[in-house]
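See structure below.
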Amino acid sequence: MTTYDKATIAEMLDGKLPWDSLKSMMSSYKDVDRFDKCVEVLQERVDWDDKILLPLGPRLFIVRKANGSIVTKSVSGYEFGDYRKNWKLGAWIYVRNTHESFQEVYTEMAYGDPEWMEMREYYDPVDGSLLDVEVVPPGYPIVHNFDPDLEGFYKEWLGRPLP
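Terminal number for the sequence shown in the working numbering: 1371, no gaps in between.
Okay, here's the thing in structure tokens:
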């Protein structure tokens, strides 16, 4: 089994790993400490000390705070609240629902009918970085993407208790 160092993991996370290396990494068995290395790389990149328990995206994490609470937090340090709640409700939301707004990101005829769909972009309230995008019918409730079983993940997948 191949193991990868933190520098290679960082290249992967940044989208800078050459395709042949990335393909090999994706196709082979995962090294047992890859998750830990990913978290270490991400932890070194943030300006706060709360422990990253689970990355939700490149700029969004579930973290344990010093007081023991577990929250969803962005790279900027913005806390969206309890990790079991839908963090999107605390984000800035931009809704694209006109031909003009879709054409800002799509070429002509490459998007759906605004009467049948809208694109919601969720932004960090502190630094304005894009955190997620969803495309749904107009009026559809804000989607709660993920409700992780942190204890089960750590115990059953990583073989250790939740930190």
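Here a beta-carbon is modelled for each residue, glycine too, at the ideal position from N, C-alpha and C. All of these numbers come straight from a predicted model, not from anything done at the bench.
| field | CB of V1303 within 8 angstroms of CB of E1323, strictly | value | no
| field | Member of P1371, D1257 and L1250 whose CA lies at the smallest distance from the CA of P1266 | value | L1250
| Mind checking N1295: buried by the 16 CB within 10 Å criterion, or exposed? | What sits at residue 1295 in the sequence shown is Trp, not Asn. Buried.
| field | Reduced DSSP secondary structure (H/G/I, E/B, other) of E1248 | value | helix
| field | Helix, strand or coil at Y1330 [DSSP, three-state] | value | strand
| Going by the beta-carbon positions, is the gap between N1305 and P1346 smaller than 8 angstroms? | yes
| query | Unbroken beta strand (DSSP E) runs of length 3 or more, entirely within the segment 1226-1291: which are they? | reply | 1259-1265, 1268-1272, 1278-1282 and 1287-1290
| query | Between W1256 and the rest of its own chain, which residues show a CB-CB distance below 7 angstroms, the 5 nearest in sequence each way excluded? | reply | G1285
| said: Could you tell me the alpha carbon to alpha carbon distance between V1313 and I1260, rounded to whole angstroms? | reply: 32 angstroms
| message | Any contact between the segment 1273-1283 and the segment 1220-1235? By contact I mean 3 or more CB pairs, one from each, below 8 angstroms. | response | no
| task | Can you tell me which of the three DSSP states Y1302 falls into? | result | strand
| Which residues mark the beginning and the end of the beta strand (DSSP E) in which L1339 is found? | L1338 to V1344
| Bounding residues of the alpha helix (DSSP H) (the contiguous stretch that carries E1307) | Correcting the residue identity first, residue 1307 is His in this sequence and not Glu. That run of the alpha helix (DSSP H) goes H1307 to Q1311.
| query | DSSP three-state call for F1361: helix, strand or coil? | reply | helix
| field | Start-to-end residues for the alpha helix (DSSP H) that takes in A1318 | value | First-last for A1318: undefined, no H or E at that position.
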